[in-house]
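Each residue of the sequence shown is one higher than the last, beginning at 380 in this note's numbering.
Worksheet for the structure shown next.
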Amino acid sequence: MSSSVAVSSALRLSGRLIRRISTPSSRRSRSRAVTDREPSSRCRSRTPPGDGWDDAAVVGSLGDVPLVGRERELTLLRESVARAADGNAGAVLVAGEAGGGKTRLVRALLTDPPPPAPLVVRAQCVDLGDPGLPYLAIVDLVRALEAVAATDADVAAVIDGLPVLAGITGPVSAGDTPVDEGRRLQLFDATASLLAGVGRVRGPVLVVVEDLHWVDSSSADFLRFLLSRMTTERVLVVATVRTDGLAARPRARQLLSELGRLPAVRRIDLEPFGPAEVTEYVARLLGSEPDPEVAAEVYRRTRGNPYYVQTLAAGVAQTGRLDARIPRALADLLVGRVEGLGDDVRAVVRSAAVAAGAVPDRLLREVVDLDDARLDEAVRAAVAEGLLTPDGAGYVFAHDLLRAAIYGDLLPGERARLHAAHAAALEAGVAGSAPAAGIAHHYQEAQDAPKTLKWSVRAGDAAMAVRAPGEALQHLEHALAAWPDVEGAADLAGAAHGRVAVRAAHAARLAGEQARATDWAGRAIGLCDADGDRPGGIEARAELVHQLVEADVSDQAVRPAEEAVRLAESSDPGSTALAHAALARALLAERRTDEARPVAERALVEARAAGATGLEVEVLTTAAFLDEVAGDRVAAADRLDTALRLARDAGELTAELRAHYLLASLHYYNGDVTGSLPVLGAAMTRVAETGLRWSNPGIELRLLSTVALYVSGDLDGSLKAAQAPESEPPDVAAARLAAVSCYAVVAGGLPDAAPRLAALRESWSVHPQVALVAGGCEADLLAWEGDSDAAVAVAERAQSHLDAVAGEGMYGGLWLSAIALGALADRASYCRQRRDDAGATAALRQGDVLLQRVERIVEGGRGRPGELGPEGRAWHARARAEHARLRDEPGVELWQQALDAFGYGHVYEQARCRWRLADALVAAGNRDGARPHALAAAASAQQMQAAPLQRAVAATISQARLAGAATSTDAVLTGREREVLTLVAEGMTNREIGKRLFISEKTASVHLSNLMTKLNVSSRTEAVTVARRRGLLDVP
380 MSSSVAVSSA LRLSGRLIRR ISTPSSRRSR SRAVTDREPS SRCRSRTPPG DGWDDAAVVG
440 SLGDVPLVGR ERELTLLRES VARAADGNAG AVLVAGEAGG GKTRLVRALL TDPPPPAPLV
500 VRAQCVDLGD PGLPYLAIVD LVRALEAVAA TDADVAAVID GLPVLAGITG PVSAGDTPVD
560 EGRRLQLFDA TASLLAGVGR VRGPVLVVVE DLHWVDSSSA DFLRFLLSRM TTERVLVVAT
620 VRTDGLAARP RARQLLSELG RLPAVRRIDL EPFGPAEVTE YVARLLGSEP DPEVAAEVYR
680 RTRGNPYYVQ TLAAGVAQTG RLDARIPRAL ADLLVGRVEG LGDDVRAVVR SAAVAAGAVP
740 DRLLREVVDL DDARLDEAVR AAVAEGLLTP DGAGYVFAHD LLRAAIYGDL LPGERARLHA
800 AHAAALEAGV AGSAPAAGIA HHYQEAQDAP KTLKWSVRAG DAAMAVRAPG EALQHLEHAL
860 AAWPDVEGAA DLAGAAHGRV AVRAAHAARL AGEQARATDW AGRAIGLCDA DGDRPGGIEA
920 RAELVHQLVE ADVSDQAVRP AEEAVRLAES SDPGSTALAH AALARALLAE RRTDEARPVA
980 ERALVEARAA GATGLEVEVL TTAAFLDEVA GDRVAAADRL DTALRLARDA GELTAELRAH
1040 YLLASLHYYN GDVTGSLPVL GAAMTRVAET GLRWSNPGIE LRLLSTVALY VSGDLDGSLK
1100 AAQAPESEPP DVAAARLAAV SCYAVVAGGL PDAAPRLAAL RESWSVHPQV ALVAGGCEAD
1160 LLAWEGDSDA AVAVAERAQS HLDAVAGEGM YGGLWLSAIA LGALADRASY CRQRRDDAGA
1220 TAALRQGDVL LQRVERIVEG GRGRPGELGP EGRAWHARAR AEHARLRDEP GVELWQQALD
1280 AFGYGHVYEQ ARCRWRLADA LVAAGNRDGA RPHALAAAAS AQQMQAAPLQ RAVAATISQA
1340 RLAGAATSTD AVLTGREREV LTLVAEGMTN REIGKRLFIS EKTASVHLSN LMTKLNVSSR
1400 TEAVTVARRR GLLDVP
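Here you go:
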């Protein structure tokens, strides 16, 4: 299925879900009224009265409830609307306890918004337990704006320009829609673009999200995406959320925490009324001043909760006093509202409470054992008592507190029977086409294992169809939990036990639940093997291999991959291709590249024969990596270009970005930093276009961009790439980005470097990269600050952590050891100045151990498969140079080697090595030779705004009296620059030079520009002439 068809199907299914759960047919017509620019009395709903009291004359509809003590909050909301109208997108969270006046405050805004009046659209979150219905928020928004589009050509044009959102009312088959993270985020991006587009053509859009505490997982992901990416759109989101009970709602609690960190999100916390405000509120409700003792008692009992104040005020209006029969717990007060009513009314409201959201009239008639006449009277009484409010073709509770209290008061058996009745009615189609998730929820609460299994599997399929793998995983886990207790479970599920477990593993992987994915893949293997299901066993093993490689435990991945290949000997072509693809990936991860290559080539042929484009792209990336390891970078680039084309043509967005990442890595890790930057830039543009910022390849691309920009000397660009202000990354990605940002933070000498690194210490265990980079950067910072002992200790602690979690011999140890050796050299120098021979000797002994470790890593280290790359060789060279400094030797030749080694494009480290080389030359008595290096280092540090290095170089220049004498930099060409100049002398173009040196044409141009600047010439010919005259060229 194509990308556009898949997403369209997802929306159609979502539309069906929302019609039944959130917006019955006649309610939709009311929603259209709300989506106009005069939201007045049409927004009203009733407020429940007190126990047995008739409060109609007192409270009236919610729209008539006075607004007391909320002037500041209303002003903030109005200002936010005005800012959105001016192109400053944002969001306001209206938070408070249940009954705290959140909805009333929002209605006050809708009744009298600032000009220009916004277009109001609503999204409603509904409590259906976990996992709930996915994407309720998206479908609410899309349907509301479609209603506007029916009479507004401009809005219709915006919708027509977003084909991903087309056709939401047609039928959908969940099984026909493959889940892809890229398409899921396309749905998010299209919905956000819809709101932005409508804001452009119709003025500000005010999105009201009600009851955010009940948010489903996918809607929470969408809101993260929307609120984090908004900048200049004419859109404001106002969301109401209950703060009581958040401890039991981790999803909502985490969402609020994340949104609270976004600069565009503001929060209003509605505090309970104080005594004076309660008195004023009661007076406004009653129309006269209450007795002071009564007002004080109302405050004591309600603690200023506006809804409870309303409830008690109704009793005061009826009797002139507070009834002593009010229960001690206010929750009991709400339940008591029902106890004084007739049996028929109680039956109606108890059944309605089980529905969780709006309950259609037809459903109520089916599940309540009353004839039509008695049911009508019971419903009429419930409405008159302010318990229920008509809502389209059904009813809703006047306040969620009331529903929750009544539901919580049900006896266990009573609750199970009511849920069973609702499930049976929905399954029979009494209320139209019902979502599988709703039916599964009711059967689960009814403790009906067979029906729970059947409908949970269907709900899982439906959730996967709308790109909601998190919800799908929960549904499938419910089904799998019920499986052992259900006879004929496979027939009910429509699939074997092992195949459902494979689906759970796949959903867990897409949801980012690595441990659960690994667990379910392992279980699926056993189940499929027990059933003799070879294709299922192959798929399960492929899932397991994927997880083990991603978790960096690839030593365990080869065995299941080999088992998959054995199973595939008599299987279908697609399964055979999948098995060989898994084995190739596992062998590559284990650096068994000679074995991996033929397997990958075979998998490539098989994937093409099977027509499995997605699998073909995956195998192409594996084969490209193998080409790189073999030194054939041209072949690797060709394969990646093919993978990019296939992925684009097939709409495989995640695979496309993975190919982008590998192509950029091909440049970067082979020493072509400059060549990697345009690839990364194009890839990050594609990431933004597709909304895949926090997909796995999107994260890796941002990380590599951050590092590459730092290495190229663009410290500001590196920081901007890492900050990613347009969105909030997942926790692990956030820690990794925070770590790699510290390269530029430390190099730039930013004042918050130490606090940043201190905060990251707790995240070392999150990912090995965090420990490596944060530990190394902290050691570097401490060394710059002169605390050599602490610098060595931190570097060693980071090394020990890496050895424990990733094994000894990681190439990253070269960097940590070089930093530690530099700090030891500083300590030894300090000791020698103080004539502390013992201290200097101890530092040397420790440094000898470190250098031995460096040599072991170089001989057999672990990192990217293949021999040590340019970066590794450079850090090896610097470690040896630092060790010479530790021995109190000038080490001029070693520092020159380090400088040349970093000539692949590490601008910052080149400048640092120039500084150390200048020091070494001064120590060797060659001040004339030191001067150009020192001045070049100073110029580079100044251009980068690398404050610590600037200060260090300035000290060398001052102490050695290197400033003042005119000099050129013609003697400090790097090795790569000399290579480029030699080829220029041979008459080669930049393209030819790039091909000869395996670098990009742009990189060759950059090297040529640098050397021309150093030689103070303006043309290629002049550069060759001057170089020959000064003896810088070996060619005649």
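Think of the CB as a built atom: it goes at the ideal place given N, C-alpha and C, for glycine as much as any other residue.
Straight-line Cα distance separating residue j from residue i
{"i": "A732", "j": "Y786", "result": "5 angstroms"}
{"i": "A890", "j": "Q826", "result": "27 angstroms"}
{"i": "K1393", "j": "T1400", "result": "15 angstroms"}
{"i": "E918", "j": "A851", "result": "18 angstroms"}
{"i": "A804", "j": "A569", "result": "35 angstroms"}
{"i": "I1236", "j": "H1146", "result": "21 angstroms"}
{"i": "G683", "j": "D491", "result": "26 angstroms"}
{"i": "R987", "j": "E995", "result": "6 angstroms"}
{"i": "K1099", "j": "E1079", "result": "16 angstroms"}
{"i": "G1096", "j": "A1256", "result": "28 angstroms"}
{"i": "E1031", "j": "R1355", "result": "39 angstroms"}
{"i": "T619", "j": "R1293", "result": "59 angstroms"}
{"i": "E668", "j": "L691", "result": "15 angstroms"}
Beta-carbon contacts of residue i that lie in its chain and below 8 angstroms, excluding the five residues immediately before and after
{"i": "F1004", "result": "L967, A1015, L1041, P1244"}
{"i": "E974", "result": "L966"}
{"i": "V1111", "result": "V1145, H1146"}
{"i": "A943", "result": "G916, I917, R920, A921, V924, L957, A958, A961, L962"}
Selected residue, minimal CA-CA separation from residue i, among the options
{"i": "A599", "options": "R613, S572, R628, A1197", "result": "R628"}
{"i": "V1385", "options": "G1282, Q1322, L1296", "result": "G1282"}
{"i": "V717", "options": "R679, D788, V657", "result": "D788"}
{"i": "G1054", "options": "G1191, E1380, A1114", "result": "E1380"}
{"i": "A1326", "options": "Y1287, N1305, R1310, A1302", "result": "Y1287"}
{"i": "P791", "options": "C1210, P654, L1362, R729", "result": "R729"}
{"i": "L781", "options": "E764, L797, A631", "result": "E764"}
{"i": "A631", "options": "D506, R1024, P1249", "result": "D506"}
{"i": "A1280", "options": "R1259, P1269, A1263, H925", "result": "R1259"}
{"i": "A838", "options": "I818, A828, E824, P829", "result": "I818"}
{"i": "A1087", "options": "N1049, A1067, V1066, D748", "result": "N1049"}
{"i": "R753", "options": "V724, D770, A1334", "result": "V724"}
{"i": "A655", "options": "P685, L638, A643", "result": "P685"}
{"i": "Q1329", "options": "L1314, R1340, A1339", "result": "L1314"}
{"i": "P495", "options": "V1173, L1230, D1215, R613", "result": "R613"}
{"i": "R1135", "options": "G1127, E1164, A800, C1121", "result": "C1121"}
{"i": "G1092", "options": "T1064, A1126, E1068", "result": "A1126"}
{"i": "A903", "options": "V932, E929, P939", "result": "P939"}
Presumed contact (8 angstroms Cβ cut-off) between residue i and residue j, rounded CB distance
{"i": "V587", "j": "V471", "result": "The pair is not a contact, with the Cβ atoms about 10 angstroms apart (cut-off 8 angstroms)."}
{"i": "T1021", "j": "P1076", "result": "In fact, because the Cβ distance is near 17 angstroms, the residues do not count as touching under 8 angstroms."}
{"i": "L906", "j": "A883", "result": "Actually they are not in contact, since the Cβ atoms of L906 and A883 sit about 11 angstroms apart, beyond 8 angstroms."}
{"i": "A1204", "j": "E1175", "result": "The pair is not a contact, with the Cβ atoms about 16 angstroms apart (cut-off 8 angstroms)."}
{"i": "L475", "j": "L649", "result": "The sequence given here places Gly at residue 475; Leu does not occur at that position. About 3 angstroms; that satisfies the 8 angstroms criterion."}
{"i": "D1113", "j": "L1094", "result": "One point to set straight first is that residue 1113 is Ala, not Asp, in the sequence displayed. With 8 angstroms as the limit, A1113 and L1094 do not qualify as a contact, their Cβ atoms being about 20 angstroms apart."}
{"i": "Q1178", "j": "G1192", "result": "6 angstroms"}
{"i": "V775", "j": "L767", "result": "7 angstroms"}
{"i": "A1118", "j": "A1153", "result": "4 angstroms"}
Own chain, CB closer than 6 angstroms to residue i, minus 5 neighbours either side, in chain order
{"i": "N1369", "result": "E1380, A1383, S1384"}
{"i": "L488", "result": "L456"}
{"i": "T1346", "result": "Model confidence at T1346 stands at a pLDDT of 41, short of 50, so the residue's coordinates are unreliable; what they give is reported in the following sentence. Taken in chain order, the residues that qualify are R1310, P1311."}
{"i": "R741", "result": "V809, A810"}
7 angstroms Cβ shell around residue i - same chain, five flanking residues per side excluded
{"i": "P493", "result": "R457, V460, A461"}
{"i": "A1026", "result": "V996, A1034, E1035, A1038"}
{"i": "V865", "result": "A828, P829, L832, L871"}
Heavy atom of the ligand MG within 8 angstroms of residue i beta-carbon
{"i": "Q1321", "result": "The ligand MG is not part of the structure shown, which contains no ligands of any sort."}
field: Contained alpha helix (DSSP H) runs [length at least 4] in the stretch 1082-1122, N- to C-terminal order
entry: As far as the stretch 1082-1122 is concerned, its whole alpha helix (DSSP H) runs of at least 4 residues are 1094-1102.
- prompt: Which whole runs of the alpha helix (DSSP H) in the stretch 446-478 are 4 residues long or more, in chain order?
  reply: Positions of the alpha helix (DSSP H) runs, each at least 4 residues long and wholly inside the stretch 446-478, are given as 450-464 in order along the chain.
query: Which full runs of the alpha helix (DSSP H) of 4+ residues lie inside the stretch 1125-1199, going along the chain?
result: Entirely contained in the stretch 1125-1199, the alpha helix (DSSP H) runs reaching 4 residues are, in chain order, 1132-1139, 1147-1163, 1167-1185.
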